[in-house]
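For what it's worth, our numbering labels the leading residue of the sequence shown as 989, then goes sequentially. Below you'll find the structure, written out as structure tokens, and then a few comments.
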Amino acid sequence: MSILHKSDCTNEDPWRAAWAQQAPDRSLQVYPDLGEVETIRYALVWDPPAGLLASLPNLEVIFSIGAGIDHIAKDPERPKHLPVVRMVEDGLTAGMTEFVVLSVLWHHRDMAAYAVQQNSGLWQEIEPKLAKDRKVGFLGMGALAGAAAAKLCILGFRLHGWSRSPKQVPGVIMHHGEAGLAEVLGESEILVCLLPLTAATEGIMNRRTFAQLPEGAAFVNVGRGGLVVEEDLLAALNCGQVGSATLDVFRQEPLRAGSPFWSHPKVVVTPHIAAKTMAESAVASVMANIRRFEAGEAMLNVVDFERGY
Ligand code: GLV
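Now the structure itself:
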């Protein structure tokens, strides 16, 4: 019985070490070395090539290395009868919390405007606001957004959130559904987008929805590039409807050379690094689920393909 590991890491050593330490009795195949394919029962993957999962005859569970599973769902040959498990692990959650808090504070304290001022040698104060007077909205209120919102709540921000179905989150005024989307956008001086990419969320941030933000709002995308109509974001930035943005994810990654986002004075571009799955805690999370599965218990964080996450 073996586990297939396929990531996009250049250095697999932390993964090999975590597997060796936490699953010493399991044999590990690190892609592209599949070994004896009949022995592979579990696969932990990021962006598997189309057909890879279907080529494993005795595969029982597919684990995603990422919180998002769009990189697995896009494989037309994905064996649809097998459960797919989203990654929920403390390292990823902690990293996302750090990045969201950093980005919200960056926009809250007008750092994009100060960067522009510095570029032209301008020494000029922008009237500051305190967190208690700043409204931050979240699109998506899963494990990652919930953890980040909890820290922003401690800082005193006024938080609004939007989820697919009704949900209670401590310290966050929650909205849902189509009407709720307009409500949360209208309240978001800083909008953090942390939705999964599904048929229902593709292009959710577009000309119409950017126009529903307060004028000059900041936009932080740490979900997926496909959530945004990029030309509409650019137009919203250029006319001032969106005042500044932090973009960690793009429709095409790596972001193409020559994309106007690279040099846009109001935009921070990062290369999809907001949160990284950490080998040690991720393997612990996968192994806990494998033990549940082998004991005949329900696994945690199994994807519901009807919902799309
Ligand atoms: C990264 O993008 C993830 O899905 O965790």
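Even for Gly, the Cβ is constructed at its ideal location relative to N, Cα and C.
- Message: Just verifying my parser: in three-state terms, what is the DSSP assignment at W1150?
- Response: Working through the sequence shown from its first residue, we reach residue 1150 at position 162. Looking at W1150 - three-state DSSP - the assignment turns out to be strand.
- How many Å lie between Y1030 and K994 at the Cα? What you label residue 1030 is simply residue 42 of the sequence shown in a count that begins at 1. What you label residue 994 is simply residue 6 of the sequence shown in a count that begins at 1. Each residue's Cα considered, the two are about 11 Å apart.
- Item | Sequence-distant residues of the same chain with beta carbon closer than 8 Å to R1280, five excluded per side | For this step, residue 1280 is matched to residue 292 along the sequence shown. Here the set comprises A1286, M1287 and L1288.
- the stretch 1143-1151 in contact with the stretch 1055-1066 per 3-pair CB rule at 8 Å: no
- Would a C-beta distance cut-off of 7 Å place H1059 and A1206 closer than the cut-off? Translated into the one-based positions of the sequence shown, residue 1059 becomes position 71. Translated into the one-based positions of the sequence shown, residue 1206 becomes position 218. No, these two residues do not count as a Cβ contact at 7 Å.
- Less than 7 Å separating the beta-carbons of L1302 and M1193? There is simply no residue 1302 to check, as the chain begins at 989 and stops at 1297 in what is shown.
- Return the CA-CA distance between N1209 and D1001, expressed in angstroms with no decimal places. If you number the sequence shown from 1, residue 1209 lands on position 221. If you number the sequence shown from 1, residue 1001 lands on position 13. Cα-Cα distance, rounded: 30 Å.
- Supposed close pair E1077, S1269 - CB separation, criterion 8 Å: For the purposes of this step, residue 1077 is taken as residue 89 along the sequence shown, with counting starting at 1. For the purposes of this step, residue 1269 is taken as residue 281 along the sequence shown, with counting starting at 1. Yes, they are in contact, since the Cβ atoms of E1077 and S1269 sit about 5 Å apart, within 8 Å.
- Query: Hey, out of C1227, E1219, A1267 and K1155, whose CA is closest to A1131's CA?
  - Reply: Position 143 of the sequence shown, counting from 1, holds the residue named residue 1131. A1131 has its Cα closest to that of K1155, out of C1227, E1219, A1267 and K1155.
- Cα-Cα separation, F1087 to R1195: Start at 1 with the first residue of the sequence shown, and residue 1087 comes out as number 99. Start at 1 with the first residue of the sequence shown, and residue 1195 comes out as number 207. Between F1087 and R1195, the C-alpha separation is close to 26 Å.
- DSSP bridge partner residues for V1290 (one or two, in chain order): Position 302 of the sequence shown, counted from the start, is the residue given in the question as residue 1290. Looking at the DSSP assignment, V1290 forms a beta bridge with V1073.
- Message: So the candidates are L1182, V1217 and A1224; which of them puts its Cα closest to the Cα of L1201?
- Response: The residue given as residue 1201 occupies position 213 in the sequence shown. L1201 has its Cα closest to that of A1224, out of L1182, V1217 and A1224.
- Query: Excluding sequence positions up to five away, which residues of its chain have a Cβ less than 6 Å from the Cβ of L1300?
  - Reply: No answer is possible for residue 1300: the residues shown for the chain start at 989 and end at 1297.
- What residues does the ligand GLV have around it, judged by CB closer than 5 Å to any heavy atom, in chain order? G1054, A1055 and G1056
- Item | Element boundaries [beta strand (DSSP E), containing T1234] | Counting from 1 along the sequence shown, the entry for residue 1234 is found at position 246. Here the beta strand (DSSP E) through T1234 covers V1230 to L1235.
- Which ranges does the alpha helix (DSSP H) cover as unbroken runs of at least 4 residues, wholly within the stretch 1073-1101, from first to last along the chain? 1078-1096
- Query: Taking the runs of the alpha helix (DSSP H) that are 4 residues or longer, which of them lie wholly in the stretch 1170-1219?
  - Reply: 1195-1199
- Three or more C-beta pairs closer than 8 Å, one from the stretch 1039-1056 and one from the stretch 1225-1234: is that the case here? no
- Message: The beta strand (DSSP E) that contains G1125, what's its start and end?
- Response: For this step, residue 1125 is matched to residue 137 along the sequence shown. G1125 -> beta strand (DSSP E) spans K1123 to L1127.
- Query: Do you know whose CA, among V1255, V1291 and A1082, lies nearest V1073's CA?
  - Reply: The residue labelled residue 1073 in the question sits at position 85 within the sequence shown. If we check each option's Cα against that of V1073, V1291 comes out closest.
- Task: Within 10 angstroms of the Cβ of R1244, are there 16 or more other Cβ atoms? Answer buried if so, exposed if not.
- Result: Stepping through the sequence shown from its first residue, residue 1244 is reached at position 256. With fewer than 16 other Cβ atoms within 10 Å, it is exposed.
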